[in-house]
Every structure is written in C-alpha cells, then in structure tokens.
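Notes follow the structure.
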Amino acid sequence: MHGGGRARRGGSAATRLNRLGPRVALVSKVLAAGCALGALFGLSPPARAMDYARQNYILHCAGCHQLDGRGSAANDVPTLHRIPGLLVTIARGREFLAQVPGIIYSPLSNAEVAEILNWMLGEYNKDELPKDFAPYTAAEVGKYRAIRPPSIMDVRAEVLTELAKRGITVDYQAH
Ligand code: HEC
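Here it is as structure tokens:
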C-alpha cells in the first residue's frame with residue numbers, strides 16, 4: 081500500500097518536473113535579462129536585483145508598467161511611483177491596489193501579491209507611505225482579491241474623490 085503511494089507520488093512529481101523544465105529555463109533567462117537590465121539602469125548589487133518580489137514584478141508587471149515602474153502614458157498604463165503611496169492611506173484605496181486587473185487575473189499567490197505590493201510601495205513610494213503603514217498580508221490580499229469590482233476605474237475615481245476631500249490631490253499627468 082505504502083510503496084504504491086510513494087510510487088504514484090514519485091511519478092507525478094517527475095511529470096511535474098518535466099513539465100516545469102522549459103518553464104524554469106525560460107524564467108531563469110528572463111531573470112538573467114532582468115539582472116542585466118538592472119545593471120544597465122544602475123540598480124545596485126545583484127542581491128537587490130534578485131529580490132524575489134522584484135523578480136515577480138519583472139515577470140508579471142514590468143511588461144506593462146515598465147522596468148522602472150513609470151508605466152506608459154501612450155498605452156494608458158499608470159506609473160507606480162508616488163500615487164499608490166497616497167491611495168493606500170485610505171481603506172478603499174488599500175483594497176483598490178489589490179483589485180486592479182493586473183493583480184486580480186495574475187497567476188501569483190496571495191502571498192506573492194502581498195510581497196509585490198509591499199515591495200512596490202517601499203521602492204517607488206517611500207516618501208508618500210504613511211509612517212504607520214502596515215504591510216499587506218496574504219490573508220488581506222486574498223480578501224480584497226476575491227472581490228472583482230464591476231468597474232475598477234469607478235473605484236479609483238471614488239478613492240480620488242475621498243482623497244480630495246482630505247486635501248490630497250492626485251495628478252496622473254504630473255507623474
Ligand atoms: C496587461 C498590462 C498590465 C499588467 C501585466 C499589469 N498591469 Fe497594473 N495596470 C495596468 C493598467 C492599464 C492600469 C490602469 C487601469 C486599470 O486597469 O485599472 C493598471 C493599474 C495598476 C495599479 C493602480 C495604479 C493607479 O494609480 O491607479 C496598480 C497598483 C497596478 N496596476 C499594479 C500592477 C502590478 C503589481 C502588476 C503585476 C502583478 C500589474 N499591475 C500588472 C496594466 C497592467
């Protein structure tokens with residue numbers, strides 16, 4: 081009985097590995113490219129470039145938001161600098177960041193999404209981030225991510241209106 085169980089598990093693990101093979105090779109190529117680009121953009125030590133959240137950012141977000149996180153005005157992809165740090169100061173904004181399509185539909189786990197959001201906020205929003213900012217947790221991301229707002233742009237508009245009431249104006253053109 082036990083032997084059979086082991087054999088089955090062994091077999092499926094091997095199959096999984098075989099399937100993963102090309103993917104792992106591709107990922108390491110992309111990561112190598114990411115590191116080379118990191119060096120090109122003057123990002124310091126490989127240790128930093130190899131940060132796991134940054135690797136996931138390169139793989140899952142940079143295609144649209146660019147390697148430097150500045151997005152692309154021509155393609156209506158917003159910058160990730162400074163603005164998320166303002167949005168996250170109110171509860172609805174904190175939820176919103178975990179509900180954008182790039183996150184809702186990504187294959188990343190909730191823990192990986194939490195890591196990317198925390199990394200993005202620390203990396204691109206240092207000056208805006210409240211001193212008492214509590215990092216996202218996997219459980220929190222899971223809760224927000226389970227809700228798919230019918231119009232994410234309406235949610236963003238609501239968040240911006242609430243911020244404006246508090247005297248915080250957000251100008252996408254300026255960033
Ligand atoms: C296919 C392109 C694409 C990918 C991939 C993508 N995004 Fe986005 N992202 C957008 C666009 C377009 C918007 C703006 C409007 C929208 O759809 O909500 C946006 C909005 C955002 C916002 C809100 C910014 C604001 O000020 O409103 C955040 C935060 C964000 N994305 C983070 C991420 C992260 C983190 C990833 C990777 C896990 C990611 N995105 C992947 C295209 C993308």
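First residue of the sequence shown? That's 81 in the numbering used here, and the numbers climb one at a time after it.
Just so it is clear, CB atoms sit at the ideal spot from N, CA and C, and this is done for glycine as well.
Classification of residue i by the beta-carbon crowding that lies within 10 angstroms, buried from 16 upward
i, result
"residue 178", "buried"
"residue 247", "exposed"
"residue 164", "buried"
"residue 154", "exposed"
"residue 138", "buried"
"residue 185", "exposed"
"residue 183", "buried"
"residue 216", "buried"
"residue 101", "Confidence is the limiting factor: at residue 101 the pLDDT is only 47, short of 50, which leaves the residue's position unreliable, though a coordinate-based value still follows. Exposed, since its Cβ has fewer than 16 Cβ neighbours within 10 Å."
"residue 257", "Examination of residue 257 is not possible in this model, given that the chain is present from 81 through 255 alone."
Cβ-heavy atom distance, residue i to the ligand HEC, below 6 Å
i, result
"residue 138", "no"
"residue 196", "yes"
"residue 186", "yes"
"residue 163", "yes"
"residue 150", "no"
"residue 134", "no"
"residue 181", "yes"
"residue 232", "yes"
"residue 158", "yes"
"residue 201", "no"
"residue 228", "no"
"residue 174", "no"
"residue 246", "no"
"residue 177", "yes"
"residue 236", "yes"
Which listed residue (the options) has its alpha carbon closest to that of residue i
i, options, result
"residue 231", "131, 181, 159", "181"
"residue 203", "159, 236, 238", "159"
"residue 201", "188, 174, 226, 222", "174"
"residue 219", "211, 195, 132", "195"
"residue 207", "240, 176, 168", "168"
"residue 171", "250, 240, 188, 150", "240"
"residue 224", "143, 197, 244", "197"
"residue 253", "162, 192, 193", "162"
"residue 131", "250, 199, 245", "199"
"residue 134", "151, 152, 193", "193"
"residue 205", "150, 191, 243, 143", "150"
message: If we require 4 or more residues per run, which alpha helix (DSSP H) segments fall completely within the region 146-204?
response: 163-167, 171-177, 181-184, 190-204
message: Just to confirm the assignment: which complete alpha helix (DSSP H) runs, minimum length 4, are found wholly within the region 217-243?
response: 218-225
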